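100 is the number of the first residue of the sequence shown in the working numbering; add one for each residue after it.
Each residue gets a CB set at the ideal place from its N, CA and C atoms; glycine is no exception.
None of the values given here were measured: they were computed from a predicted structure.
For reference, the structure is listed below as structure tokens.
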Amino acid sequence: MKYTEFNIDANKIEFLNSKFGLERVLINGKKISSKFSITGIAHKFKLNSKDYILKSKYTLFGTRVINIQLSENGKLIDTKAIEINKKQHIYWMAFGICVGLLGFELGKLLLENIG
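Put into structure tokens, the structure is as follows:
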């Protein structure tokens, strides 16, 4: 799911995020960074001999907004606040419930085998 893009000179930098937290950064359609994140992460890359950092930040259980910052050689050059799809929030809640139930069942099994 594409969230936003930045245009630097003749280059298009795109930020994409899947429903399950896989973030990707593309330059002119070519993937240059791919990381898993729930609350945000920094993607570092070079473009035209300059160092760039694209940071994403998401606050769980807060507003449904991903804040995205693009820095060039350590200087902030652009910031965007993107509202996330409500369905994505529901997917994460369902995932959390499933993981919680699985952890509970595994805990019960461990206690039964120990005792």
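When the Cα atoms are used, Tyr151 and Leu210 turn out to be separated by approximately 50 Å. Sorting Ile196, Leu159, Lys207 and Ile107 by C-alpha distance to the C-alpha of Leu153 places Ile107 at the top. Around the beta carbon of Ile112, 16 or more other beta carbons lie within 10 angstroms, which makes this residue buried.
Residue pairing by DSSP places Lys207 opposite no residue, since no beta bridge is assigned to it. Short of 8 Å from the beta carbon of Thr138, and not among the five residues preceding or following it, lie these beta carbons of its own chain, in chain order: Lys156, Tyr157, Thr158 and Leu159. For Tyr190, the closest of Phe114, Tyr102 and Gly120 by C-alpha to C-alpha distance is Gly120. Counting other Cβ atoms within 10 Å of its Cβ, Ile196 stays below 16 and is therefore classed as exposed.
The closest CA to that of Lys129, considering only Phe135, Asn110 and Ala141, is found on Asn110. When only Cα atoms are considered, Lys207 and Lys134 end up about 33 Å apart.
Taken in chain order, the whole beta strand (DSSP E) runs of length 3 or more contained in the region 159-188 are 164-171 and 174-182.
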